[in-house]
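Taking the working numbering, the leading residue of the sequence shown gets 4, the next gets one more, and so forth.
Idealized CB from N, CA, C, for every residue including glycine.
As the structure is a computational prediction, the values presented were derived from the model and not from experiment.
Working notes, beginning with the structure itself.
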Amino acid sequence: MGLRKKSRRIARRHDPLIPDKNMEGGARLCLSFLRIFVCCERGLTVIEYEGRVFRPPSEAYSLIVQVTIGCSHNACTFCDMYREKRFRVRRLEEVQADFELARAQYRRVDRIFLADGDALMCRAAHLAELLRYLRKRFPECERVASYGSPKSILTKTQDELDELHRLGLEMVYLGLESGSDEVLRRVNKGETAAEIVRAGQMVRAAGMKLSVTAIAGLGSAELSEEHAVQTARALSEMRPEYIGLLTLLFELPTPLMRDWQEGRFYLMNPVEIAAETLVLLENIDSEGSIFRANHASNYVNLAGTLNRDREAMCSRLRAALDGKVRFRNEAFRAR
Ligand code: SF4
Numbered sequence: 004m005g006l007r008k009k010s011r012r013i014a015r016r017h018d019p020l021i022p023d024k025n026m027e028g029g030a031r032l033c034l035s036f037l038r039i040f041v042c043c044e045r046g047l048t049v050i051e052y053e054g055r056v057f058r059p060p061s062e063a064y065s066l067i068v069q070v071t072i073g074c075s076h077n078a079c080t081f082c083d084m085y086r087e088k089r090f091r092v093r094r095l096e097e098v099q100a101d102f103e104l105a106r107a108q109y110r111r112v113d114r115i116f117l118a119d120g121d122a123l124m125c126r127a128a129h130l131a132e133l134l135r136y137l138r139k140r141f142p143e144c145e146r147v148a149s150y151g152s153p154k155s156i157l158t159k160t161q162d163e164l165d166e167l168h169r170l171g172l173e174m175v176y177l178g179l180e181s182g183s184d185e186v187l188r189r190v191n192k193g194e195t196a197a198e199i200v201r202a203g204q205m206v207r208a209a210g211m212k213l214s215v216t217a218i219a220g221l222g223s224a225e226l227s228e229e230h231a232v233q234t235a236r237a238l239s240e241m242r243p244e245y246i247g248l249l250t251l252l253f254e255l256p257t258p259l260m261r262d263w264q265e266g267r268f269y270l271m272n273p274v275e276i277a278a279e280t281l282v283l284l285e286n287i288d289s290e291g292s293i294f295r296a297n298h299a300s301n302y303v304n305l306a307g308t309l310n311r312d313r314e315a316m317c318s319r320l321r322a323a324l325d326g327k328v329r330f331r332n333e334a335f336r337a338r
């Protein structure tokens, strides 16, 4: 097979705009490739991704470019996403060069996701310049989104966030993980629930859409009720557009996984997770939020709009607890 034909085949397999088959489970999933080949009219050009790249499920069809490398915190005990990377902000010229490769290949780009874990950690002026460039070079783009750590948001003023939204940053994905300060402390999140809530409220006040994730089972059985009640409270205070509930799962080594393997952490079973999720839903008051627990890590799929569908989701969980809804088999769970 000629190089050109072969490279086109590779490009289809690794195309950032064509979701990889592995991504369909909805995981914050990694492309797992060091290189993504892009064929352009003049031959073979290459966008080089540094290490594994993650994105939220709803960014499956987005053009993904690394604005930063890694996560500025990189110390949560349950997370292996950026362990191998040392956080840094990429130079604007490098980032723009990647976007230019994509521009040469794609006539239409509807969505752009700024990777890695903490693109909002860039200074506001740096992000503003990037957003101005994107508006010029991808005028058809409908949505630019990014992960945002609480610190990256709280180190900006409300005026700066307002300006970033005005320049095209439409959506921020924020990890709450838990509304319990004790759970956050144990998993070394590095932020309190109040700080995370404040960051989320600033994003919403700027007019951006906010998507927040929490993790069922993160407090183990010992803190399960506190985790559920306080997470419901924190989510209610932010009232994000989207709430994603994942379930704790160990795949690659993390400090928390080691604690579990050595008997210091109890991993909750499906019945306990369903009971915890029921407490969370019974306590949440987040009118209009789209709630999803239909990720491959979850034992029971739930989806609805709060508060309208809360009772239906609670009923489904009660049915699961009564043995009338089957839990997802462990073999089919994934991040
Ligand atoms: S802040 Fe997010 S990406 Fe960074 S270590 Fe924690 S969970 Fe992982």
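CB contact flag (residue i, residue j, <8 angstroms)
| i | j | result |
| --- | --- | --- |
| alanine 118 | arginine 58 | yes |
| valine 175 | valine 147 | no |
| isoleucine 218 | threonine 250 | yes |
| threonine 216 | glycine 182 | no |
| valine 131 | lysine 159 | It should be noted that the sequence gives alanine, not valine, for residue 131. Not in contact: alanine 131 and lysine 159 (Cβ atoms no closer than 8 angstroms). |
| glutamate 145 | aspartate 165 | no |
| isoleucine 246 | alanine 202 | no |
| arginine 338 | serine 300 | yes |
| leucine 270 | cysteine 317 | no |
| phenylalanine 116 | glutamate 62 | yes |
| asparagine 297 | alanine 231 | no |
| arginine 313 | alanine 306 | no |
| serine 239 | aspartate 288 | yes |
| arginine 336 | leucine 252 | yes |
| phenylalanine 90 | valine 68 | no |
| histidine 129 | leucine 167 | no |
| leucine 187 | alanine 197 | no |
| serine 75 | lysine 192 | no |
| phenylalanine 268 | leucine 259 | yes |
For residue i, the three-state DSSP class (helix, strand or coil)
| i | result |
| --- | --- |
| asparagine 332 | coil |
| asparagine 25 | Any answer about asparagine 25 is weak, because its pLDDT of 30 lies below 50 and its placement is not dependable; what the coordinates show is given next. Three-state DSSP puts asparagine 25 in a helix. |
| methionine 174 | strand |
| threonine 195 | coil |
| threonine 257 | coil |
| phenylalanine 116 | strand |
| valine 56 | coil |
| leucine 251 | coil |
| serine 239 | helix |
| isoleucine 246 | strand |
| phenylalanine 102 | helix |
| lysine 139 | helix |
| lysine 154 | helix |
| serine 214 | strand |
| serine 35 | Residue confidence for serine 35 is low, a pLDDT of 32 falling below 50, so the modelled location carries little weight; the figure read from the coordinates is stated next. Serine 35 falls in the coil class under three-state DSSP. |
| glutamate 180 | strand |
| glycine 203 | helix |
| isoleucine 276 | helix |
| serine 61 | helix |
| glutamate 228 | helix |
| leucine 66 | strand |
| threonine 71 | strand |
| alanine 122 | helix |
| threonine 80 | coil |
| serine 289 | coil |
| cysteine 43 | Here the model assigns cysteine 43 a pLDDT of 44, short of 50, so the residue's position is not dependable and the matter cannot be decided. |
| arginine 146 | strand |
| alanine 322 | helix |
| alanine 219 | strand |
| threonine 308 | strand |
| alanine 208 | helix |
| alanine 299 | coil |
| arginine 91 | strand |
| glutamate 314 | helix |
| glutamate 51 | strand |
Proximity to residue i [Cα-Cα], best of the options
| i | options | result |
| --- | --- | --- |
| lysine 212 | Glu265, Arg242 and Phe335 | Arg242 |
| cysteine 308 | Ser292, Ile50, Thr71 and Arg114 | Note that residue 308 is threonine in the sequence shown here, rather than cysteine. Residue Ser292 is the option with its Cα nearest to threonine 308. |
| serine 152 | Asn310, Leu305 and Ser214 | Ser214 |
| glutamate 53 | Glu62, Gly73, Ser61 and Pro60 | Gly73 |
| lysine 139 | Gly171, Lys88, Leu157 and Glu279 | Gly171 |
| arginine 189 | Arg331, Thr80 and Ser75 | Thr80 |
| valine 98 | Phe268, Ala278, Tyr136 and Asn77 | Tyr136 |
| tryptophan 263 | Leu248, Gly222 and Glu244 | Gly222 |
| glutamate 225 | Tyr109, Glu185, Ala209 and Asn191 | Glu185 |
| phenylalanine 141 | Asn332, Arg111 and Ala196 | Arg111 |
| methionine 124 | Val70, Pro258 and Ala100 | Val70 |
| leucine 284 | Leu259, Glu254, Pro256 and Arg319 | Arg319 |
| glutamate 279 | Leu248, Ala237 and Leu255 | Leu248 |
| glycine 178 | Ala237, Asn304, Val56 and Val92 | Ala237 |
| asparagine 332 | Ala315, Asn304 and Asn310 | Asn304 |
| tyrosine 64 | Arg261, Tyr109 and Ala208 | Tyr109 |
| proline 60 | Leu133, Ser149 and Arg93 | Ser149 |
| tyrosine 302 | Gly220, Arg311, Glu51 and Ala208 | Gly220 |
Exercise for review: State whether the stretch 268–280 contacts the stretch 317–325, with contact taken as three or more CB pairs (one from each stretch) at a distance under 8 angstroms.
Suggested key: Contact between the stretch 268–280 and the stretch 317–325 is present, with at least three C-beta pairs closer than 8 angstroms.
Exercise for review: Count the CB pairs spanning the stretch 83–94 and the stretch 120–134 that are closer than 8 angstroms, and state whether there are at least three.
Suggested key: Yes, the stretch 83–94 touches the stretch 120–134.
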